[in-house]
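Listed in order, the protein sequences are those of chains A and B. Per our numbering, the very first residue in the first sequence carries number 37; after that it's consecutive. Per our numbering, the very first residue in the second sequence carries number 4; after that it's consecutive. Here a beta-carbon is modelled for each residue, glycine too, at the ideal position from N, C-alpha and C.
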Amino acid sequence: MIPLDQHTMLAQTNHDEESRQDFVNDFRVHLASQVFPGNFPTYFNRVLPQFVKNKGREPTDRHEVRKVMTKDPYYQMWSAMQRSSQEMIWDSVVDSVERQLPELNAKAKQSGNKGSLILDPDLEIPKYHTAADIHLQPGAYHSDQSDDDVAAGAVYDRGTYIYSMGGLGTGNNGLGQITQGFFKNEFPDKELERVLDMGCTIGGSVVYWAQQMPDVEFHAIDVGAPVLRYGHARAESLGGAVHFSQQNAECTNFEDNSFDLVTSHILLHETSRTAIQNVFNESYRILKPGGIMMHLDLPQAHGTPPLEGFLFEWEIYNNNEHFYAQLRDMDLVEVCRKAGFKEENIHPKSAGSIWMDDKTPYADDGFEFPIIIGIK
Amino acid sequence: MSDGIKITPVNRGKRPTFFDDPAIDQLMAIVMAMSAEMSVVYDRVDTIERLLDKKGTLSRDDIEAFRPDQDVEDERNVRRNEYIARLFRIIREERETLTPHDKMDEYNALMDELAQK
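Spelled out as structure tokens, the structure:
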């Protein structure tokens with residue numbers, strides 16, 4: 037595994053921890069490249085013919101595929117290994133964080149002040165967030181393990197790097213690379229003074245933006261205190277000036293008409309149907325006239341063949357991504373309309389790895405994330 | 004593992020099972036964890052061998068302090084991926100028996116047959 041770029045907050049691995057993380061990474065690459073693809077011939081040669089034989093027709097949607105595919109031994113074996121690999125990510129990461137946590141907490145408290153950090157201990161953590169530890173990350177993103185805790189951020193930083201098999205780049209900022217490259221291409225003349233990133237976790241994306249655009253004022257919010265403490269200290273170490281605050285993107289304390297750009301990076305699928313509408317309403321409220329809303333998230337179900345649709349939803353059922361199920365079928369253009377964006381100012385687009393630098397693994401794999409744009 | 008703070012799940016939820024007998028899911032998790040530890044031991048042995056080659060003696064601190072350079076990392080990556088390929092030979096073989104039929108011949112033949120009914 038190519039090492040993550042160093043910064044002062046990154047938990048350091050000992051000899052065996054590094055080796056264990058290398059194994060989990062390579063195991064997951066093997067699963068993705070060698071085992072997962074076997075689901076396709078399994079379906080077309082074994083599962084589908086049996087379905088057609090029994091019913092005299094093909095499955096009409098991904099839900100019907102689920103009923104039969106989950107009984108196939110190849111799919112079962114791949115799934116059991118995939119689930120284990122997810123658990124092994126955290127198992128390979130938590131030891132080094134536990135060992136260094138007091139030191140990391142202390143370092144975060146003494147971090148710089150190019151940006152800032154404001155926490156709100158009274159903030160109610162939304163139910164969609166507490167319902168399950170997202171991606172099985174122990175302690176989720178919001179629970180404090182100690183005083184002035186940064187554990188969730190430290191676990192997240194290493195864990196998501198292995199989860200993505202390095203696909204977010206050695207700066208863990210690939211999604212920021214994508215949105216910024218896309219934005220500059222779509223809106224070359226748009227001047228930015230003030231930008232907000234919603235659901236920032238450790239600020240992987242927003243810090244990249246801030247590094248590239250040092251004259252712009254960047255704000256970033258999340259509901260999780262430990263990821264924000266870590267994110268702030270990480271940003272300071274990497275030289276990105278970002279103002280972090282603990283807020284729910286559904287209802288922020290920012291003034292009306294106060295941002296030129298509001299972004300999020302894979303936030304929506306972690307929230308509920310109602311929350312997504314609220315996030316779009318809030319984006320509209322805080323944008324200046326002419327300001328741009330840009331939410332990047334995971335693919336939706338529309339137009340996806342039944343097998344691909346089913347396989348893409350594996351994480352919903354098996355990796356605590358329950359709320360992604362709601363996003364899969366939502367009409368985000370309608371959500372924009374209801375939020376107040378005019379029809380001609382709503383643009384469902386997509387952006388992908390072509391905007392990532394060449395050094396990033398999978399930079400040329402062509403994967404595209406949907407981006408929903410609304411201009412106020 | 005640390006004696007101090009333990010980072011624990013808050014709400015992990017019910018673990019899904021994929022096989023009819025959940026014991027098989029548990030066995031798979033155990034096998035995968037053992038595979039990981041075997042890989043860790045292999046890297047550790049490799050470190051010891053390299054240190055002995057170079058110095059003829061070693062201490063535990065030498066082992067902990069050892070970090071592979073790019074050449075060593077490349078060698079280990081090749082070896083680790085060969086190891087993983089050996090571990091999953093049985094899965095690859097099943098996939099290979101299915102792949103030659105991936106042109107959907109059987110499926111298309113069945114659809115033709117149905118269409119003629």
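Min CB distance A:Gly175 to chain B below 8 Å
By one-based count along the first sequence, residue 175 of chain A stands at place 139. Taking Cβ atoms only, chain B reaches closer than 8 Å to A:Gly175, which makes this a yes.
To the nearest angstrom, how far is it from the Cα of A:Arg56 to the Cα of B:Val44?
Taking the first residue of the first sequence as 1, we reach residue 56 of chain A at position 20. Taking the first residue of the second sequence as 1, we reach residue 44 of chain B at position 41. A:Arg56 and B:Val44: Cα-Cα distance of roughly 9 Å.
Cβ separation of A:Cys236 and A:Gly267, assumed to be a contact under 8 Å, to the nearest whole Å
Residue 236 of chain A sits at position 200 when you count from the first residue of the first sequence. Residue 267 of chain A sits at position 231 when you count from the first residue of the first sequence. 6 Å between Cβ atoms; contact.
Taking 8 Å as the threshold, find out whether the region 219–239 of chain A comes into contact with the region 268–280 of chain A through three or more Cβ pairs.
yes
Quick check: is the beta carbon of B:Ile94 nearer than 8 Å to any beta carbon in chain A?
Numbered from 1 along the second sequence, position 91 holds the residue referred to as residue 94 of chain B. Yes, contact with chain A.
Find the nearest neighbour of A:Tyr110 within the set A:Ser300, A:Leu67 and A:Ala144, judged by alpha-carbon distance.
For the purposes of this step, residue 110 of chain A is taken as the residue at position 74 of the first sequence. Comparing Cα positions, the closest option is A:Leu67.
Residue burial classification, B:Met4 (beta-carbon count within 10 angstroms, cutoff 16):
Counting from one through the second sequence, the residue named residue 4 of chain B turns up at place 1. Summary for B:Met4: the model assigns pLDDT 44, below 50, so the residue's position carries little reliability; its value from the coordinates is reported in the next sentence. Burial call: exposed.
Between the C-alpha atoms of B:Val53 and B:Thr60, what's the straight-line distance to the nearest angstrom?
Within the second sequence, residue 53 of chain B is the residue found at index 50, counting from 1. Within the second sequence, residue 60 of chain B is the residue found at index 57, counting from 1. In the sequence as displayed, the identity of residue 53 of chain B is Arg instead of Val. If I take the Cα positions, the gap works out to 10 Å.
May I have a chain-ordered list of the alpha helix (DSSP H) segments no shorter than 4 residues that lie completely inside the region 5–37 of chain B?
none
With which residues is A:Leu332 paired in a DSSP beta bridge?
Along the first sequence, one-based indexing puts residue 332 of chain A at 296. Answer by DSSP bridge pairing, in chain order: A:His301 and A:Ile407.
Nearest chain B C-beta to A:Asn81 closer than 8 Å, yes or no?
Mapped onto the first sequence, residue 81 of chain A falls at position 45. Yes, A:Asn81 counts as interfacial toward chain B.
Please confirm whether A:Tyr197 has its beta-carbon closer than 8 Å to some beta-carbon of chain B.
Locating residue 197 of chain A in the first sequence gives position 161, counting from the first residue. It does not; no Cβ of chain B falls within 8 Å.
Whole-Å CB distance - A:Val186 paired with A:Ala144, under 8 Å assumed:
For this step, residue 186 of chain A is matched to residue 150 along the first sequence. For this step, residue 144 of chain A is matched to residue 108 along the first sequence. With 8 Å as the limit, A:Val186 and A:Ala144 qualify as a contact, their Cβ atoms being about 5 Å apart.
Just to confirm the assignment, what range does the alpha helix (DSSP H) spanning A:Leu232 have?
Within the first sequence, numbered from 1, the residue matching residue 232 of chain A stands at position 196. Per DSSP, A:Leu232 belongs to no alpha helix (DSSP H); it is in the beta strand (DSSP E), Arg230 to Met234.
So with CB distances below 7 Å, who are the chain B contacts of A:Ala187?
Residue mapping note: residue 187 of chain A aligns to position 151 of the first sequence, counting from 1. For A:Ala187, the C-beta contacts it makes with chain B under 7 Å involve Ile10, in order along the chain.
Cβ shell of A:His358 (< 7 Å), same chain only, five flanking positions each side left out:
Taking the first sequence and counting its residues from 1, one reaches residue 358 of chain A at position 322. For A:His358, where only same-chain residues beyond five positions count, the Cβ hits under 7 Å are Ala167, Ala168 and Ile352.
Within chain B, the residues that A:Leu172 reaches when beta carbons sit closer than 7 Å
On the first sequence, residue 172 of chain A is found 136 positions in, with the first residue counted as 1. Per Cβ cutoff of 7 Å: Arg15.
Bridge partners for A:Gln282 per DSSP, in chain order?
Along the first sequence, read from residue 1 onward, the residue named residue 282 of chain A stands at position 246. Answer by DSSP bridge pairing, in chain order: A:Asp258.
With distances taken from CA atoms, which of A:Val65, A:Asp233 and A:Tyr164 is nearest A:Glu306?
For the purposes of this step, residue 306 of chain A is taken as residue 270 along the first sequence, with counting starting at 1. Nearest C-alpha to A:Glu306: A:Tyr164.
Can you tell which of A:Tyr79, A:Gln136 and A:His279 has the C-alpha that lies nearest to the C-alpha of A:Glu94?
Reading the first sequence from its first residue, position 58 is the one you call residue 94 of chain A. It is A:Tyr79 whose Cα lies nearest to the Cα of A:Glu94.
I'd like to check one pair, A:Ala176 with A:Met45: are the Cβ atoms closer than 8 Å?
Indexing the first sequence from 1 puts residue 45 of chain A at position 9. Indexing the first sequence from 1 puts residue 176 of chain A at position 140. Cβ distance not < 8 Å, so A:Met45 and A:Ala176 don't count as in contact.
Let me check understanding here. Comparing Cα to Cα, which of A:Ser294, A:Val315 and A:Leu297 lies closest to A:Leu303?
Taking the first sequence and counting its residues from 1, the one referred to as residue 303 of chain A is at position 267. Closest option to A:Leu303, Cα to Cα, is A:Val315.
Is it the case that the Cβ atoms of A:Ile328 and A:Ser294 are separated by a distance below 8 Å?
If you number the first sequence from 1, residue 328 of chain A lands on position 292. If you number the first sequence from 1, residue 294 of chain A lands on position 258. It is not a contact, given that the beta carbons lie outside the stated cut-off.
For A:Ala116, decide whether its Cβ has a neighbour in chain B, counting only Cβ atoms nearer than 8 Å.
Indexing the first sequence from 1 puts residue 116 of chain A at position 80. Cβ-Cβ to chain B under 8 Å: yes for A:Ala116.
For chain C, find out if any of its Cβ atoms is closer than 8 Å to the Cβ of B:Ile51; answer yes or no.
Of the protein chains in this structure, namely A and B, none is chain C.
Determine the closest residue to B:Ala19 out of A:Ser308, A:Glu123 and A:Ile411, with distance taken between C-alpha atoms.
Residue mapping note: residue 19 of chain B aligns to position 16 of the second sequence, counting from 1. Before going on, a small fix: residue 19 of chain B reads as Pro here, not Ala. Measuring from the Cα of B:Pro19, the nearest candidate turns out to be A:Glu123.
If you measure beta-carbon to beta-carbon, which residues of the region 79–91 of chain B are closer than 8 Å to chain A?
Arg79, Asn80, Arg83, Asn84, Ile87, Ala88 and Phe91
Using a Cβ-Cβ distance under 8 Å, would B:Asp28 count as near chain A?
Here residue 28 of chain B corresponds to residue number 25 of the second sequence, with the count starting at 1. Yes, contact with chain A.
List the residues of chain B whose Cβ lies closer than 8 Å to the Cβ of A:Ser120, in chain order.
Mapped onto the first sequence, residue 120 of chain A falls at position 84. Neighbours of A:Ser120 on chain B, chain order: Met31, Ala32, Met35 and Ala36.
Could you pull the start and end residues of the beta strand (DSSP E) that A:Pro77 belongs to?
For the purposes of this step, residue 77 of chain A is taken as residue 41 along the first sequence, with counting starting at 1. No beta strand (DSSP E) holds A:Pro77; the alpha helix (DSSP H) holding it covers Asn75 to Thr78.
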